[in-house]
Amino acid sequence: MSGRIAFTTSGNGLDAPLDSRFGRAPKFLVYDLDRETFEVLDNQPNLNAAQGAGIQSAELVARLGAKALVTGHCGPKAFRVLQRAGVRIFCTDAATVAEALQRYRAGVLTELQMADVDGHWQ
Amino acid sequence: MMVAVASGKGGVGKTTVAVNLARTAAMPVQLLDCDVEEPNAHLFLPGTPAGEETVYVRVPVVDASRCDGCGECGRFCEYHAIVALGNTPLIFPEMCHGCGGCARVCPRQAIQETDRRIGIIRKTQAGDILLVQGCLDVGVAMAPPLIRAVKARITGDRPVVLDAPPGTACPVVATLRGADYAVLVTEPTPFGLHDLTLVMDTARELGVPFGVVVNRMGIGDDRVQAFCRPRGIPILLELPEDRRIADVCSTGGLLVEALPEYRERFQSLIIALRLASAH
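Quick mapping for you: the protein sequence lines, in order, are chains A and B.
Just so we're aligned, residue 7 is where the first sequence starts under my numbering, counting upward by one.
Just so we're aligned, residue 70 is where the second sequence starts under my numbering, counting upward by one.
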């Protein structure tokens with residue numbers, strides 16, 4: 007397996023909880039499967055955005071070069087942006103980033119084919 | 070003169086003050102209902118319909134054959150209504166405020182604009198009052214462009230009263246901007262004072278001078294007066310907690326017509342506003 011995978015989280019490491027929100031996730035942990043390293047990026051500006059948090063978070067994840075996103079849920083606008091950017095989306099109820107990563111590696115996560123929650127406006 | 074009636078807290082009597090103020094003016098006035106998410110001034114001002122028009126924002130459409138995916142449009146858009154990731158941009162019309170910036174910055178003239186309906190403006194002539202109401206379509210989360218459209222109907226030849234939405238967010242800013250004076254309505258409670266101070270900050274930021282109306286005197290304490298007095302903030306009008314006021318409002322009546330003793334109070338409010346605007 008190779009490439010960079012983005013996870014939504016509220017913490018700073020692999021043991022941190024996987025945050026079930028995508029657009030308003032506090033942070034993104036980007037794991038590099040080639041080097042077995044990770045970095046954590048603050049999503050604070052989008053967390054506090056009045057509107058468009060999903061779109062902006064999706065742009066951020068795409069620009070980080072992630073080929074896949076593992077999170078709790080994904081709304082319609084974020085889904086459109088991620089799909090256009092070629093980022094595959096996987097939803098899971100894993101408790102921690104490490105557990106979500108392990109499930110991703112095991113290939114047991116189902117790829118999201120459409121947004122699994124409604125948008126906030128329409 | 071353009072007077073905005075605003076409040077931090079909702080349900081304190083903005084519309085009550087706005088409609089009674091407009092009626093007391095006893096001269097041709099425009100009353101603009103800027104609470105476009107739930108306009109209600111018409112309930113107190115039955116009259117003759119004086120026109121209805123549809124309001125649109127201009128949203129972008131990309132001509133894929135011209136677009137080279139440079140991304141200038143997406144970098145420009147503050148609201149991420151247009152997103153370019155190295156290919157033809159995605160457009161989210163419901164996020165677009167209609168500023169037209171993306172079309173202007175596009176170096177290949179690949180962006181045209183089309184109309185997206187956001188609501189209507191309804192005019193009613195009620196005696197001397199020309200009521201102009203914005204009514205946002207259900208499902209639209211874009212009040213400021215409609216509020217600006219309502220304010221664009223100001224004729225400029227008569228005084229204007231703006232009935233603002235509650236709170237301190239973008240719709241309130243869109244309403245207060247450019248007003249000569251703000252009447253800030255509150256109630257004498259901790260919640261009332263807290264939200265009053267927020268909307269005072271908003272008015273200050275916008276450079277709009279203001280005074281305070283305390284409604285439902287008697288349900289709380291004197292903390293609003295105790296806050297305003299040492300700061301030199303004028304208390305323009307105090308209205309008591311009076312069961313008869315509730316009765317009149319609940320049937321769509323005007324205090325200044327149903328309860329003559331309140332007519333004088335609103336007349337003194339008008340005098341206070343004239344004095345304030347003369348400064």
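We treat Cβ as the ideally placed atom computed from N, Cα and C, and that holds for glycine.
Since the model is a prediction, treat every value here as computed from it, not as a measurement.
Candidates the options, of which the one nearest residue i by Cα
i                : options                                : result
threonine 183/B  : Pro129/B, Arg300/B, Ala212/B           : Pro129/B
aspartate 226/B  : Ile198/B, Gly208/B, Arg273/B, Thr85/B  : Ile198/B
alanine 10/A     : Arg27/A, Asp38/A, Thr98/A, Asp21/A     : The sequence shown places arginine at residue 10/A, rather than the alanine named in the question. When each option's Cα is compared against that of arginine 10/A, the closest is Asp38/A.
arginine 185/B   : Cys139/B, Arg144/B, Ala150/B, Val126/B : Val126/B
threonine 98/A   : His79/A, Glu42/A, Ala84/A, Val87/A     : His79/A
valine 123/A     : Ala55/A, Gly60/A, Val36/A, Phe44/A     : Gly60/A
glycine 188/B    : Pro176/B, Thr85/B, Gly208/B            : Gly208/B
threonine 244/B  : Leu253/B, Lys220/B, Val174/B, Pro257/B : Lys220/B
threonine 258/B  : Gly322/B, Arg285/B, Pro214/B           : Arg285/B
isoleucine 304/B : Cys168/B, Ala87/B, Val283/B, Pro329/B  : Val283/B
serine 63/A      : Glu42/A, Glu45/A, Arg86/A, Phe44/A     : Arg86/A
proline 32/A     : Thr43/A, Asn52/A, Phe44/A, Arg41/A     : Asn52/A
arginine 292/B   : Thr271/B, Asp264/B, Asp270/B, Arg312/B : Asp264/B
aspartate 206/B  : Val230/B, Arg191/B, Val325/B           : Arg191/B
valine 302/B     : Ser337/B, Gly289/B, Val252/B, Arg343/B : One detail in the question is off: residue 302/B reads as isoleucine in this sequence, not valine. It is Val252/B.
Within-8 Å CB hit, residue i to chain A
i                   : result
phenylalanine 161/B : yes
valine 174/B        : no
tyrosine 125/B      : no
methionine 164/B    : yes
CB contact check: residue i to chain B, cutoff 8 Å
i               : result
glycine 81/A    : no
glutamine 128/A : For glutamine 128/A, the pLDDT reaches just 45, beneath the cut-off of 50, and the residue's location in the model is therefore unreliable, although a value from the coordinates is still provided. Chain B, which has a Cβ nearer than 8 Å to the Cβ of glutamine 128/A, makes this yes.
CA-to-CA distance, residue j to residue i, given in whole angstroms
i                   : j                   : result
alanine 341/B       : glutamate 307/B     : 13 Å
alanine 94/B        : methionine 164/B    : 40 Å
valine 317/B        : asparagine 109/B    : 15 Å
valine 242/B        : aspartate 102/B     : 14 Å
threonine 255/B     : phenylalanine 113/B : 20 Å
isoleucine 180/B    : phenylalanine 145/B : 13 Å
glutamine 202/B     : proline 278/B       : 25 Å
isoleucine 314/B    : arginine 69/A       : 59 Å
leucine 275/B       : methionine 7/A      : 56 Å
aspartate 249/B     : proline 228/B       : 11 Å
glutamate 105/A     : glutamine 89/A      : 24 Å
phenylalanine 161/B : valine 131/B        : 12 Å
glycine 120/B       : cysteine 204/B      : 13 Å
proline 235/B       : aspartate 104/B     : 8 Å
glycine 113/A       : phenylalanine 96/A  : 11 Å
tyrosine 148/B      : phenylalanine 28/A  : 18 Å
leucine 53/B        : threonine 237/B     : Shown here, chain B extends from 70 to 348; a query on residue 53/B therefore has no answer.
arginine 92/B       : proline 118/B       : 18 Å
alanine 72/A        : alanine 153/B       : 17 Å
alanine 84/A        : glutamine 178/B     : 27 Å
leucine 353/B       : threonine 320/B     : The structure shown does not extend to residue 353/B, since chain B is modelled only from 70 through 348, so no value can be given for it.
alanine 218/B       : glutamate 106/B     : 14 Å
asparagine 89/B     : serine 346/B        : 19 Å
glycine 79/B        : tyrosine 331/B      : 22 Å
glycine 82/B        : phenylalanine 260/B : 14 Å
proline 176/B       : glycine 140/B       : 10 Å
leucine 338/B       : glycine 77/B        : 20 Å
threonine 43/A      : glutamine 119/A     : 29 Å
alanine 87/B        : valine 98/B         : 12 Å
glutamine 57/A      : methionine 96/B     : 42 Å
alanine 75/B        : glutamate 326/B     : 23 Å
tyrosine 148/A      : glutamate 117/A     : The question about residue 148/A has no answer here: the residues shown for chain A are numbered 7 through 128.
Problem - chain B contacts from the stretch 60-78 of chain A (Cβ-Cβ distance under 7 Å) - result: Ile61, Gln62, Glu65, Ala68
Exercise for the section: Anything in the stretch 83-99 of chain A with a Cβ closer than 7 Å to a Cβ of chain B? List those residues in chain order, please. Expected result: Lys83, Arg86, Val87, Arg90, Ala91
Exercise for the section: Residues of the stretch 34-58 of chain A with a CB closer than 7 Å to any CB of chain B: list them in chain order, please. Expected result: Gln57, Gly58
Handout entry: Interfacial residues, the stretch 131-154 of chain B to chain A, with Cβ spacing under 7 Å
Key = Tyr148, His149, Val152, Leu154
Exercise for the section: Pull out every residue of the stretch 199-215 of chain B whose Cβ sits closer than 7 Å to any Cβ of chain A, in chain order. Expected result: Gly208, Ala210
Practice task
Counting only runs of 4+ residues fully inside the stretch 90-125 of chain A, write out the alpha helix (DSSP H) ranges in chain order.
Solution key: 103-112
Practice task
Within the stretch 94-131 of chain B, note down every full beta strand (DSSP E) run reaching 3 residues or more, in order along the chain.
Solution key: 98-102, 117-131
Problem - Every unbroken beta strand (DSSP E) inside the stretch 121-200 of chain B [3 residues or more] - result: 180-195
Practice task
Report the residue ranges of all alpha helix (DSSP H) runs contained in full by the stretch 17-64 of chain A; include only those spanning at least 4 residues, in chain order.
Solution key: 50-53
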